[in-house]
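Working notes for the structure below.
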Amino acid sequence: MKERHRNVIVVASFTALAAFPLLIVKQAELFRGTDDQAVKAIQTLAPSYVPWFQSICSTSDPVAITLLFTIQGAIGAAFIAYYLISSRRQASKKDPQPGAGRAY
Amino acid sequence: MHIMEGFLPAAHAACWGGVSALCVGAGLRSISRAVKGKPELKMLLGVSAAFTFLLSALKLPSLTGSCSHPTGTGLGAILFGPLAMAPIAAIVLLFQALLIAHGGLTTLGANVFSMGVAGPLIGYGAYRLARTIGLPTGLSVFMAALLADMATYVTTSLQLALAFPDPAGGFAASLVKFLGIFAVTQIPLAIGEGILTVLMYSYIQKHSGNELSALGFIMTGREERV
Chain X
5 MKERHRNVIV VASFTALAAF PLLIVKQAEL FRGTDDQAVK AIQTLAPSYV
55 PWFQSICSTS DPVAITLLFT IQGAIGAAFI AYYLISSRRQ ASKKDPQPGA
105 GRAY
Chain Y
25 MHIMEGFLPA AHAACWGGVS ALCVGAGLRS ISRAVKGKPE LKMLLGVSAA
75 FTFLLSALKL PSLTGSCSHP TGTGLGAILF GPLAMAPIAA IVLLFQALLI
125 AHGGLTTLGA NVFSMGVAGP LIGYGAYRLA RTIGLPTGLS VFMAALLADM
175 ATYVTTSLQL ALAFPDPAGG FAASLVKFLG IFAVTQIPLA IGEGILTVLM
225 YSYIQKHSGN ELSALGFIMT GREERV
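Just so you know, the sequences run in chain order X and Y. Residue numbering for the first sequence is 5 to 108, as defined by our numbering. Residue numbering for the second sequence is 25 to 250, as defined by our numbering.
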């Protein structure tokens with residue numbers, strides 16, 4: 005199997021895996037984070053427990069949180085893109101295509 | 025896998041904080057040893073950190089109707105060893121605790137332990153075992169990433185069950201409850217993380233063979249062998 009075909013299959017598999025739950029779980033409001041569910045479970049197991057420290061970050065706006073997660077992801081994606089481009093350039097310098105030499 | 029701010033008793037938070045601080049220190053030494061005299065490895069280290077940054081920012085839905093994050097620590101654990109991921113996870117989790125209110129400063133130690141120590145340790149062990157018994161590289165990488173991800177969330181469940189045992193069923197009943205929240209949701213996400221890690225690793229194998237050799241991987245052509 006060609007590498008490009010394999011990569012397309014891999015990316016399609018990941019996309020299908022991520023999208024499948026959206027198709028079969030009909031109630032969109034169900035997609036709550038596991039962190040929040042854990043907090044609810046703690047409150048059930050130990051109703052008298054009171055968190056002894058509050059988050060110093062006051063961001064509770066879902067749009068702002070989504071934006072900050074996007075920034076975090078973008079930082080990672082930008083560095084990986086830089087690596088992909090620079091490693092390809094290096095490889096093409098080391099191993100030039102036949103007939104790709106400079107014409108005089 | 026973020027235990028929210030203040031949701032661990034102070035004694036537990038202090039214990040996990042101490043253990044994680046030691047692991048982060050050991051991780052910094054491990055990274056320093058790995059890149060000493062080999063500046064070309066800094067790019068791969070950056071890629072490992074960036075992969076963790078990117079994947080841990082993805083909030084993906086799961087078949088359970090919940091959503092959660094991959095961790096992205098399997099790749100770095102394979103390349104630089106499990107200790108190297110502790111400082112990287114600490115940076116990611118500090119970013120999320122300070123800016124996004126995911127996790128927290130008091131629970132940073134517990135979260136670093138699950139994501140930056142336990143997960144990478146299991147992932148690295150799985151990779152070495154898989155390669156030793158002769159499994160193909162792609163399958164070994166897939167297993168390592170999947171198990172690193174799952175181990176992170178199982179560890180979080182253990183940490184919470186230790187802190188909040190069920191009044192009737194004790195530690196075991198509490199563990200089952202937290203595993204039901206974290207681990208079951210995580211299965212499809214861990215499979216997805218395995219797929220993406222294989223894709224990234226195969227690219228690294230193809231384009232950064234010299235760097236992999238410098239890390240001690242035995243390269244035959246463009247394939248890595250144990």
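We treat Cβ as the ideally placed atom computed from N, Cα and C, and that holds for glycine. A quick note: this is a predicted structure, and the numbers were derived from the prediction, not measured.
Residue i burial status per 10 Å Cβ neighbour count (16 or more: buried)
i: THR95 of chain Y; result: buried
i: ARG155 of chain Y; result: buried
i: HIS126 of chain Y; result: buried
i: GLU4 of chain X; result: Because chain X is modelled from 5 through 108, residue 4 of chain X falls outside the range shown and cannot be assessed.
i: TRP56 of chain X; result: exposed
i: PRO63 of chain Y; result: exposed
i: PRO191 of chain Y; result: exposed
i: PHE195 of chain Y; result: exposed
i: PRO111 of chain Y; result: buried
i: LEU117 of chain Y; result: buried
i: ASP39 of chain X; result: buried
i: VAL200 of chain Y; result: exposed
i: GLY158 of chain Y; result: exposed
i: TYR108 of chain X; result: Below a pLDDT of 50, predicted positions are generally treated as unreliable, and TYR108 of chain X, at 41, falls in that range; no measurement from the model is reported.
i: ILE102 of chain Y; result: buried
i: GLY240 of chain Y; result: exposed
i: HIS9 of chain X; result: exposed
i: VAL54 of chain X; result: exposed
i: THR221 of chain Y; result: buried
i: GLY193 of chain Y; result: exposed
Listed by chain order, chain X residues near residue i by CB distance under 9 angstroms
i: SER72 of chain Y; result: What SER72 of chain Y touches in chain X: nothing, since even the nearest Cβ is about 10 angstroms away.
i: VAL222 of chain Y; result: VAL14
i: PRO212 of chain Y; result: LEU21, ALA22, PHE24, PRO25
i: SER198 of chain Y; result: ALA45, LEU49
i: LEU236 of chain Y; result: Within 9 angstroms Cβ-Cβ: nothing; LEU236 of chain Y doesn't reach chain X, min ~12 angstroms.
i: LEU82 of chain Y; result: ALA22, PHE73, GLY77
Partner residues on chain Y for residue i, Cβ-Cβ distance less than 7 angstroms
i: SER17 of chain X; result: ILE219
i: SER59 of chain X; result: GLU29, ALA125, GLY128
i: ILE89 of chain X; result: Those within 7 angstroms of ILE89 of chain X in chain Y number zero; the least Cβ separation is about 11 angstroms.
7 angstroms Cβ shell around residue i - same chain, five flanking residues per side excluded
i: LYS21 of chain Y; result: In the structure as shown, chain Y starts at 25 and stops at 250, and residue 21 of chain Y therefore has no counterpart that could be examined.
i: LEU69 of chain Y; result: ILE55, VAL59, PHE104
i: GLY105 of chain X; result: Caution applies to GLY105 of chain X, whose pLDDT of 44 falls short of 50 and renders its modelled position unreliable; the value that the coordinates give is listed next. Closer than 7 angstroms at the Cβ level, and outside the excluded window around GLY105 of chain X, lies no residue.
i: PHE188 of chain Y; result: SER198
i: LEU71 of chain X; result: none
i: TYR177 of chain Y; result: MET25, PHE206, ALA207, GLN210
Interface partners of residue i on chain X, CB under 8 angstroms
i: CYS91 of chain Y; result: PHE35, ARG36, GLY37, THR38
i: PHE206 of chain Y; result: THR38, ALA42
i: PHE77 of chain Y; result: GLN76, GLY77, ILE79, GLY80, PHE83
i: PHE119 of chain Y; result: GLN76
Integer-rounded CB distance, given that residue j should sit under 8 angstroms from residue i
i: ALA16 of chain X; j: PHE202 of chain Y; result: ALA16 of chain X to PHE202 of chain Y, Cβ: 33 angstroms. No contact.
i: VAL136 of chain Y; j: SER44 of chain Y; result: 4 angstroms
i: MET28 of chain Y; j: THR131 of chain Y; result: 7 angstroms
i: GLY61 of chain Y; j: ALA168 of chain Y; result: So it is not a contact: roughly 27 angstroms between Cβ atoms.
i: VAL71 of chain Y; j: ALA114 of chain Y; result: The Cβ separation is near 18 angstroms, so there is no contact.
i: MET109 of chain Y; j: GLY140 of chain Y; result: 5 angstroms
Neighbour flag for residue i against chain X, beta carbons, 9 angstroms
i: VAL250 of chain Y; result: The predicted model places VAL250 of chain Y with a pLDDT of 49, which falls under 50 and marks its position as unreliable, so this point remains unresolved.
i: LYS66 of chain Y; result: no
i: MET25 of chain Y; result: yes
i: TYR177 of chain Y; result: yes
i: ASP190 of chain Y; result: yes
i: PHE195 of chain Y; result: no
i: PHE31 of chain Y; result: yes
i: TYR227 of chain Y; result: yes
i: THR209 of chain Y; result: yes
i: SER138 of chain Y; result: no
i: PRO85 of chain Y; result: yes
i: LYS201 of chain Y; result: yes
i: LEU159 of chain Y; result: no
i: MET34 of chain Y; result: The sequence as given places Ala at residue 34 of chain Y; Met does not occur at that position. At least one chain X Cβ lies under 9 angstroms of ALA34 of chain Y.
i: THR97 of chain Y; result: no
i: VAL165 of chain Y; result: no
i: SER44 of chain Y; result: no
i: LEU186 of chain Y; result: no
i: VAL116 of chain Y; result: yes
i: THR180 of chain Y; result: yes
Chain Y within 9 angstroms of residue i, Cβ atoms only
i: VAL67 of chain X; result: no
i: ARG8 of chain X; result: no
Beta-carbon proximity list for residue i, same chain, < 6 angstroms, skipping 5 on both sides
i: GLY103 of chain X; result: Low confidence applies to GLY103 of chain X: its pLDDT is 48, below 50, so where it sits in the model is not reliable enough to give any reading.
i: TYR225 of chain Y; result: VAL165
i: ALA197 of chain Y; result: ASP190
i: GLN183 of chain Y; result: ALA134
i: TYR151 of chain Y; result: ILE102, SER164, ALA168
Residue i at chain A interface by Cβ criterion, 9 angstroms
i: THR130 of chain Y; result: Going by chain labels, chain A is absent from the structure shown, which instead holds the protein chains X and Y.
Within chain Y, partners of residue i - CB distance below 9 angstroms
i: ARG92 of chain X; result: HIS231
Same chain only: Cβ atoms within 8 angstroms of residue i, ignoring 5 sequence neighbours per side
i: LEU213 of chain Y; result: LEU84, SER86, SER92, HIS93, PRO94, ASP173
i: LEU145 of chain Y; result: ALA101, PRO106, ALA175
i: ALA34 of chain Y; result: THR130
i: HIS36 of chain Y; result: ALA134, GLN183, LEU186, ALA187
Proximal chain X residues relative to residue i, where beta-carbon distance stays under 7 angstroms
i: GLY216 of chain Y; result: PHE18, LEU21, ALA22
i: ALA56 of chain Y; result: It is worth fixing the name first, because residue 56 of chain Y is Ser in this sequence and not Ala. Neighbours of SER56 of chain Y on chain X: none; closest Cβ ~20 angstroms, over 7 angstroms.
beta-carbon residue i near the ligand MN non-hydrogen atom, thresh 8 angstroms
i: ALA187 of chain Y; result: Looking at this structure, you won't find the ligand MN or any other ligand, since it has none at all.
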